[in-house]
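In the order they appear, the protein sequences are chains E and X.
Per this note's numbering, the very first residue in the first sequence carries number 34; after that it's consecutive.
Per this note's numbering, the very first residue in the second sequence carries number 404; after that it's consecutive.
Idealized CB from N, CA, C, for every residue including glycine.
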Amino acid sequence: MRILFINNDGGGYADYAEVAPGTTVDKFFSQQIAGGKSEDYLIRVNRQPVPRDYVLQEGDRVTMTPTKIEGAVTA
Amino acid sequence: MEDELSGRRLWQVAGAIRDQLHAVRMNRFRDAQSQVQSLSSDMAELESVRRKLNLCVARGWAAAAGSLMEQATRLFRTLNYGSLEAEKAVGKPEVTVPNIRDILEELQQAEEEFEGLRYYPEDQILAIVTDGIELEGVYLGDFEVQLHIPALGDPSFRSIYRIVALDPHPSVRNEAVTHPHVNEERLCAGDAGAAIDAALAGGRVCDFFMLVRSVLTNYNRDSAYVTLEDWDGVTCHDCGSVIGGDDTYYCTSCDYEFCGECSSCCDHCDESTCLGCMETCRVCEDHVCSGCMTTCPECGERLCRRCREEARCPCLDEDPENENEEETHDNDSDRTESTAEGGETISAGINAHGDAQETPAAVGAEAAEEGGGEDRAPVHPDRLGEAAVLP
Chain E
34 MRILFINNDG GGYADYAEVA PGTTVDKFFS QQIAGGKSED YLIRVNRQPV
84 PRDYVLQEGD RVTMTPTKIE GAVTA
Chain X
404 MEDELSGRRL WQVAGAIRDQ LHAVRMNRFR DAQSQVQSLS SDMAELESVR
454 RKLNLCVARG WAAAAGSLME QATRLFRTLN YGSLEAEKAV GKPEVTVPNI
504 RDILEELQQA EEEFEGLRYY PEDQILAIVT DGIELEGVYL GDFEVQLHIP
554 ALGDPSFRSI YRIVALDPHP SVRNEAVTHP HVNEERLCAG DAGAAIDAAL
604 AGGRVCDFFM LVRSVLTNYN RDSAYVTLED WDGVTCHDCG SVIGGDDTYY
654 CTSCDYEFCG ECSSCCDHCD ESTCLGCMET CRVCEDHVCS GCMTTCPECG
704 ERLCRRCREE ARCPCLDEDP ENENEEETHD NDSDRTESTA EGGETISAGI
754 NAHGDAQETP AAVGAEAAEE GGGEDRAPVH PDRLGEAAVL P
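Here it is in structure tokens:
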């Protein structure tokens, strides 16, 4: 099934992603953000916070935004 | 005056954002259009050159044909560059303008995430307010992140968004720095820069605000306008008083910071130097930094570089040995020239102590060669007998 995935990590992008039926948010996070800790991200599904074991549905809109980003003098 | 965003106003704001994103899309097309137009003009000029060249060849006008060849060469260069630029402009990624409902949902999400949105209709500024931010024990206050909607579609704006401290706790060192990563209300987004740009380009207003908040709630010590350690000023390394802003002087000699009372400027290079590192040249009595001081190679005493270069160390006046040595060196070089000119062998060298070694015979021959030694012999008559005689 296909969902819209908006990754605000790094360069930031929005694209469709194929996920297997029964994939939870937590599993999808580990697939997409290698080495990342889910507690360091704001994860929203259809613009709402969801529990880690939320099972993704066809057409869901998933957003992952890091909460720890280093600013810099030279942008 | 700010407005509560609700109902119709929310739709209006969403519409304004969409209009700006549409303008961005149109700007991309305009840019491509301009590049293609420029390329097309160059190609038309090339066609004109082609026709003229045909005529020149047919009529045997060699000089005119040569001139056209030069013109064609220039055109090819322009076409190459123009072609690359046009390809770049046309190949820019497609800008997708979200529909107004998507933008509206973004605004509603932002309202929920930040417990309200602010809108300033006069300047078309959309804003959220962060909670009070404290980093590593330093309270910085709450910030308003202001998104200037007209700037979204107009690249001539200096910045699309500003970070305004509502309860400013700026650095003592620089009042324009209200956050380690905010200077003059501009955020240096660092690692979030690309994601923020992408969010704004896609009309993802809530993502934009969340990303900015993520930068504001974190601290990168290695790349801050003012580090939190120095936020409330620094302590003068000498007297211990707390100083900040323009009152801080960095000593380039010892790498510590000092107050104005405990530092001064080098008389020679103008570098800021603490009083402890400042030295007084015993010759010219100028106050100079350690970088402008040196040691006299003759007596080992400290003096400024300027005095050393000008050979003003008192030891050079006091020690006749040094004076004689210098003159001996002069004689050596003169003799070398004489040998070259006269073809005679003159024994001269430097012994282990650095003193000149020369043979009286050689000096006498030299003196005779140069017209009876009128210039040289009277200068150091007593010195000749002291010179080592080589076997």
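Cutoff 8 Å: residue i Cβ touching any chain X Cβ
{"i": "E/K60", "result": "no"}
{"i": "E/I36", "result": "no"}
{"i": "E/Y46", "result": "yes"}
Proximity test, residue i beta-carbon vs the ligand ADP heavy atom, cut-off 7 Å
{"i": "X/D635", "result": "As for the ligand ADP, it is missing from this structure, which has no ligand bound."}
Close beta carbons around residue i, own chain, < 8 Å, minus the five adjacent residues each side
{"i": "X/I552", "result": "V416, A419, I420, Q423, Q527, I528, L529"}
{"i": "X/A489", "result": "A435, Q438, V439, S441, L442"}
{"i": "E/Y31", "result": "Here chain E comprises residues numbered 34 to 108, so residue 31 of chain E is not present and cannot be evaluated."}
{"i": "X/D534", "result": "D545"}
{"i": "X/C710", "result": "C684, V686, C687, C716"}
{"i": "E/P54", "result": "M34"}
{"i": "X/C668", "result": "E674, S675, T676"}
{"i": "E/D65", "result": "Correcting the residue type first, residue 65 of chain E is Gln in the shown sequence and not Asp. Correct list, in chain order: F38, N40, A50, M97."}
Close-in-space but distant-in-sequence residues of the same chain around residue i (CB under 6 Å, 5 per side omitted)
{"i": "X/R454", "result": "none"}
{"i": "X/D506", "result": "The amino acid occupying residue 506 of chain X in the given sequence is Ile; Asp does not appear at that position. Cβ neighbours of X/I506 beyond the five flanking positions: A417, I420, R421, G606."}
{"i": "X/H756", "result": "Below a pLDDT of 50, predicted positions are generally treated as unreliable, and X/H756, at 42, falls in that range; no measurement from the model is reported."}
{"i": "X/G694", "result": "none"}
{"i": "E/T98", "result": "N41, L75"}
{"i": "X/D737", "result": "With a pLDDT of 46 at X/D737, under the threshold of 50, the predicted position of this residue should be treated as unreliable, though the coordinate-derived value follows. Cβ within range, chain order: n/a, list empty."}
{"i": "X/S574", "result": "V580, V629, W634"}
{"i": "X/R428", "result": "V498, V500"}
{"i": "X/S644", "result": "C662"}
{"i": "X/C672", "result": "C695"}
{"i": "X/Y659", "result": "H640"}
Residue i at chain E interface by Cβ criterion, 8 Å
{"i": "X/G605", "result": "yes"}
{"i": "X/H756", "result": "At X/H756 the pLDDT is 42, less than 50, meaning the model places this residue with poor confidence and gives no usable figure here."}
{"i": "X/L569", "result": "no"}
{"i": "X/V416", "result": "no"}
{"i": "X/D545", "result": "no"}
{"i": "X/L510", "result": "no"}
{"i": "X/L529", "result": "no"}
{"i": "X/S736", "result": "Unreliable placement is indicated for X/S736, whose pLDDT of 45 sits below 50; no coordinate value is reported for it."}
{"i": "X/H584", "result": "yes"}
{"i": "X/S437", "result": "no"}
{"i": "X/D633", "result": "no"}
{"i": "X/L424", "result": "no"}
{"i": "X/D534", "result": "no"}
{"i": "X/M429", "result": "no"}
{"i": "X/D594", "result": "yes"}
{"i": "X/L555", "result": "no"}
{"i": "X/A579", "result": "no"}
{"i": "X/L507", "result": "no"}
{"i": "X/D610", "result": "yes"}
{"i": "X/A602", "result": "yes"}
{"i": "X/D733", "result": "The predicted position of X/D733 is uncertain, since its pLDDT is 48 and thus under 50; a value taken from the coordinates is nonetheless stated next. Not an interface residue."}
Contacts around residue i, its chain only, beta-carbon distance under 7 Å, and the 5 residues preceding and following it disregarded
{"i": "X/G775", "result": "Any answer about X/G775 is weak, because its pLDDT of 41 lies below 50 and its placement is not dependable; what the coordinates show is given next. Contacts found: none."}
{"i": "X/S617", "result": "A595"}
{"i": "X/G663", "result": "D650, Y652"}
{"i": "X/C642", "result": "C662, E664, C665"}
{"i": "X/Y622", "result": "L538, E539, P583, L631"}
{"i": "X/T620", "result": "I536"}
{"i": "X/C699", "result": "L706, R711, C716, C718"}
{"i": "E/Y87", "result": "T57, V58, V78"}
Chain X contact residues for residue i, given Cβ-Cβ distances below 8 Å
{"i": "E/D42", "result": "A598"}
{"i": "E/I66", "result": "Per Cβ cutoff of 8 Å: no residues; E/I66 is ~13 Å from chain X at best."}
Residue i: contacting residues in chain E (beta-carbon distance under 8 Å)
{"i": "X/Q549", "result": "Neighbours of X/Q549 on chain E: none; closest Cβ ~17 Å, over 8 Å."}
7 Å Cβ cut-off: residues of chain E touching residue i
{"i": "X/D641", "result": "In chain order: nothing, as chain E lies at least about 29 Å away."}
{"i": "X/V618", "result": "I102, G104"}
Per-residue contacts from residue i into chain E (C-beta, under 9 Å)
{"i": "X/N621", "result": "T100, K101, I102, E103, G104"}
{"i": "X/L614", "result": "N41, G45, T98, P99, I102"}
In chain order, each beta strand (DSSP E) run of at least 3 residues that lies wholly inside the segment 643 to 710 of chain X: 666 to 668, 675 to 677, 696 to 698, 705 to 707, all fully within the segment 643 to 710 of chain X.
Residues of the segment 69 to 100 of chain E whose Cβ lies closer than 8 Å to any Cβ of chain X, in chain order: Taking 8 Å as the Cβ-Cβ cut-off against chain X, the residues of the segment 69 to 100 of chain E that qualify are L75, R77, R80, T96, T98, P99, T100.
Residues from the segment 660 to 677 of chain X in contact with chain E, defined by Cβ distance under 8 Å: Flagged: no residues at all.
Segments assigned beta strand (DSSP E), at least 3 residues, entirely inside the segment 575 to 616 of chain X: Taking only runs of at least 3 residues, the beta strand (DSSP E) segments lying wholly in the segment 575 to 616 of chain X are 580 to 582.
Interfacial residues, the segment 461 to 489 of chain X to chain E, with Cβ spacing under 7 Å: If you check each beta-carbon in the segment 461 to 489 of chain X against every beta-carbon of chain E, none falls closer than 7 Å.
Whole alpha helix (DSSP H) elements within the segment 499 to 579 of chain X, 4-residue minimum: Runs found: 503 to 516, 552 to 555.
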